[in-house]
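Asks:
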Amino acid sequence: MISIYYSLALALMAAALVGLLSGTLGCFAVLRRQSLLGDAVAHAALPGICLAFWMTHSKESWVLLLGAIVAGWAGTLLVGAISRHSIIKEDAALGLILSVFFGIGLVILTALQSTNQTGQAGLMTWLFGSMAGVSIQEIMIMAIVTSMALCGVMIGWHPLVVCTFDRFYAHTLGINTRRMEWMITFLLVVAIAIGLQLVGVVLMSSLMIAPAVSARQWVNRLGPMVMIAGAIGMMATMMGVMISSLMRIPTGPTIVLCVSVFVMVSILVAPHRGIVWRLGRRRVVLSEP
Amino acid sequence: MTVPAITICDISFSYLNKPVLWDIDATIPQGIMLAIIGPNGAGKTTLLQTILGITPPAAGRIDILGGPIQNQRLNIAYVPQRRLIDWDFPITVWDAVMMGRYGHLGWFKRPSAHDRQRCQEALDAVGLREFATRHISQLSGGQQQRVFIARALVQDAMILLLDEPFVGVDAVTERDIISILKQLKNQGKTIVVVHHDLHTLHDYFDWALLLNVRLINCGPVSEVITPDSLKTAFGGRQAAP
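These protein sequence lines map, in sequence, to chains A and B. The opening position of the first sequence corresponds to residue 1 in the numbering used here, with each subsequent residue numbered one higher. The opening position of the second sequence corresponds to residue 1001 in the numbering used here, with each subsequent residue numbered one higher.
#1: So does the segment 43-52 of chain A actually touch the segment 70-78 of chain A, counting three or more Cβ pairs closer than 8 Å?
#2: Which term fits residue 255(A), buried or exposed, when burial requires 16 or more other beta carbons within 10 angstroms of its beta carbon?
#3: Near residue 271(A), which residues of its chain fall below 8 Å by C-beta distance, leaving aside the five closest residues on each side in sequence?
#4: Provide the residue span of the beta strand (DSSP E) that contains residue 1022(B), from first to last.
#5: Starting from residue 1220(B), follow the beta strand (DSSP E) in both directions and report where the run begins and ends.
#6: Considering only their Cβ atoms, is the gap separating residue 1193(B) from residue 1020(B) smaller than 8 Å?
#7: Specify, as a first and last residue, the run of the beta strand (DSSP E) that residue 130(A) falls within.
#8: Between residue 1073(B) and chain A, is any beta-carbon pair separated by less than 8 Å?
#9: Rounding to the nearest angstrom, what Cα-Cα distance links residue 1206(B) and residue 1030(B) in this structure?
#10: Mind checking residue 126(A): buried by the 16 CB within 10 Å criterion, or exposed?
#11: Tell me whether residue 1067(B) sits in a helix, a strand or coil according to DSSP, three-state version.
#12: Could you check which residue in 237(A), 265(A), 267(A) and 264(A) has the C-alpha nearest to that of residue 253(A)?
#13: Check this for me: beta carbons of residue 79(A) and residue 213(A), under 8 Å apart or not?
#14: According to DSSP, simplified to helix, strand and coil, what is residue 295(A)?
#15: I'd like to know whether the C-beta atoms of residue 1204(B) and residue 1180(B) end up nearer to each other than 8 Å.
#16: Starting from the beta carbon of residue 216(A), find every residue of chain B whose beta carbon is closer than 7 Å, and list them in chain order.
#17: Determine the closest residue to residue 189(A) out of 163(A), 82(A) and 35(A), with distance taken between C-alpha atoms.
#18: Figure out for me which residue from 1032(B), 1161(B), 1089(B) and 1101(B) has the closest Cα to the Cα of residue 1114(B).
#19: For chain C, is any of its Cβ atoms less than 8 Å away from the one on residue 178(A)?
#20: Could you check where the beta strand (DSSP E) with residue 1010(B) kicks off and where it finishes?
#21: Under 7 Å, CB to CB, which of the residues in the segment 215-235 of chain A have a partner in chain B?
#22: Listed in chain order, which residues of the segment 160-179 of chain A have Cβ atoms closer than 7 Å to some Cβ of chain B?
#23: Give, in chain order, every residue of the segment 83-116 of chain A whose Cβ lies closer than 9 Å to some Cβ of chain B.
#24: Can you tell which of 1035(B), 1053(B) and 1039(B) has its C-alpha closest to the C-alpha of residue 1011(B)?
#25: Excluding the five sequence neighbours on either side, which residues of its own chain have a C-beta within less than 8 Å of the C-beta of residue 1157(B), listed in chain order?
Written out as structure tokens, the structure reads:
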């Protein structure tokens, strides 16, 4: 009995870290209109995870994490290269890389399953996510990466805000906008790779976008928005893990449903920006003489 | 003789094999108000962005106050076109103006009392004191333009570059902005404005740079704006008022 509670506690800790990191960094992805990039990176990470397992026969999470980061980063570079050096537009390049990398990942995954190697069964959970059997070492890695990424955001806050708001202006202030953009993209890739195990490749991007979209409804400043998005990410992932372990349903979809509830409530009732609020205001204006 | 504010030497720039700027040479002295004038597609905004170092030229060199722009970043303040701004971005008027201090702030530092005082003064100067806590989308077009002028003010720069600041702005605000810019000029600053209204040119500016991919003329307004030079620039058709 104790071990069930212990593993649930570990899962909740991991969920909190993942939710915090994706919620926070997701704000920058959404504001920089890079929401789709998250989806492409998540899908592109799958072949990296599979190849890392294939080459090392290890299910150590840091090995798979590294594979995810390398493949996700390669996908990002390719999207950039395609949209820069061809007439293909960025959204088409994103779609292309997403499906090609995901296809390669699925092929390798199926091949690995047919070879019947010991331990490959766990790889399927990367598709839809699972928190079963997360170890204390994995949580340590997540905690270190999360705190490093959040420290990076705090240290670089001023240039980050200007670059996100107006990159031309940032350039005129002497900020190295290209380096800044690489940094934020790299952090996004890392955040996605960290979250993949919990939420899965298919639904990961929604954990980046949804908290940011909800948080934007409630506040008009970036600092509070980032904090609220982090909190929403944390709450949604923890709720998702609880519900999925109680009802024995997959973790990723449950988390996404939880975070969707936050989005729906925010879009409906948030002051000033919510639909209900705006309908109410219109009625007041109409009824005035 | 003081160094010129901006020296443009043989600047050329092309986009997709089409020349946008061709062999531009001009010297802009300090302490004047200059309008960059030309038809649509003449390369006005590109010239501004080249001066700012945003788009590096294919050929040629630009000196700011006698040196490369890298050494003069804080001395040059940019007011972008209003349509290039994401007005739903989560910042207040105060935050937007404070961005002008970031160049002085460095990475870690929080704004000091002096930084905050400079923002307050700039908001007073553009008449937006009571709007400081508003979100930038909750302003009129003229007020939005003034936010970015305030941001340029707090930068304490010697040169201000403004890209079409009077587009979508009412007549009263236009006059307010001009009087702020004239005050700055009287303090010895150099003001460069991308402008498209020939009617107000003589009232507002003392210099003009007439451009249509090539430089047609650059100098005091009365010398630059002649029927012949306008015909060369606009190809016989006048710019829309």
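Glycine is no exception: its CB is placed at the ideal position from the N, C-alpha and C atoms. Since this is a predicted model, take the numbers as computed values, not measurements.
Replies: Quick look at the numbers:
#1: Touching, per the Cβ criterion.
#2: When all chains shown are included, residue 255(A) counts as buried.
#3: 218 and 277, listed in sequence order.
#4: Run containing residue 1022(B): 1018-1028, per the beta strand (DSSP E) assignment.
#5: For residue 1220(B), the enclosing beta strand (DSSP E) starts and ends at 1214-1220.
#6: The Cβ atoms of residue 1020(B) and residue 1193(B) lie no closer than 8 Å to each other.
#7: Note, residue 130(A): premise wrong, no beta strand (DSSP E); not H, not E.
#8: Interface annotation, residue 1073(B): in contact with chain A, CB-CB separation under 8 Å.
#9: Straight through space, the alpha carbons of residue 1030(B) and residue 1206(B) are spaced by roughly 12 Å.
#10: Residue environment for residue 126(A): buried (at least 16 other C-beta atoms within 10 angstroms of its C-beta).
#11: Strand, per DSSP.
#12: Checked all of 237(A), 265(A), 267(A) and 264(A); the closest Cα to residue 253(A) is 237(A).
#13: With respect to residue 213(A), residue 79(A) sits apart: the two C-beta atoms are not nearer than 8 Å.
#14: Missing from the structure shown is residue 295(A); chain A here goes from 1 to 289 and no further.
#15: For residue 1204(B) and residue 1180(B), no; Cβs fall outside 8 Å.
#16: At a beta-carbon threshold of 7 Å, the residues of chain B lying near residue 216(A) are 1090, ordered along the chain.
#17: When each option's Cα is compared against that of residue 189(A), the closest is 35(A).
#18: Relative to the Cα of residue 1114(B), the nearest Cα in the group 1032(B), 1161(B), 1089(B) and 1101(B) belongs to 1101(B).
#19: You won't find chain C in this structure, because its protein chains are A and B.
#20: Per DSSP, residue 1010(B) belongs to the beta strand (DSSP E) from 1006-1015.
#21: Answer in chain order: 216, 219, 220, 221, 222 and 225.
#22: Within the segment 160-179 of chain A, the residues whose Cβ lies closer than 7 Å to any Cβ of chain B are, in chain order, 162, 165, 166, 168, 169, 171, 172, 173 and 174.
#23: Taking 9 Å as the upper bound on Cβ-Cβ separation, chain B lies near no residue of the segment 83-116 of chain A.
#24: Distance check between residue 1011(B) and each of 1035(B), 1053(B) and 1039(B) places 1053(B) closest, using alpha-carbon atoms only.
#25: Take residue 1157(B), set aside five residues on each side of it, and the residues of its chain with a beta-carbon closer than 8 Å to its own are 1074, 1075, 1076, 1077 and 1189, in chain order.
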